[in-house]
Amino acid sequence: MDAKELMGLIYEHNSVGCCGHIVFDDFNLEDESIQWCLDEALKEGHELCRRALQATLDLGSVEERRKILFPHITDWSGYDDC
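Residues are numbered in the numbering used here as their position in the sequence shown, beginning at 1, plus a constant of 17.
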């Protein structure tokens, strides 16, 4: 499964995004934000969160993450301070 599919599964099981909400809800797609959430996802019972966050981190640059995970957002100028 790719990062976007895994992200969707998280929201099917937890409407607030669980460990990844900082990344997936607030668009904090920088390596540091994803790593912080990954550290939280190491807790027991958070395998899906860990997989989704790792897949997101593996996408590469912030720009690639934006393009793949949130293709409906074309102007990110208002999100740079998230």
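From the three backbone atoms N, C-alpha and C, an ideal C-beta is built for every residue, glycine too.
- The region 59-68 and the region 30-44 touch, with no fewer than 3 CB-CB distances between them shorter than 8 Å.
- By the criterion of at least three beta-carbon pairs nearer than 8 Å, the region 77-85 is not in contact with the region 23-34.
- At the C-beta level, Asp48 and Leu74 come within 8 Å of one another.
- Distances from the alpha-carbon of Gln52 to those of Asp42, Leu70 and Gly95 put Leu70 closest.
- Exposure of Met18 is indicated by the presence of fewer than 16 other C-beta atoms within 10 angstroms of its C-beta.
- Inclusion of Leu55 and Ala20 in the CB contact set at 8 Å is not warranted, their separation being larger than that value.
- Going by C-alpha positions, Asp43 is about 12 Å away from Trp93.
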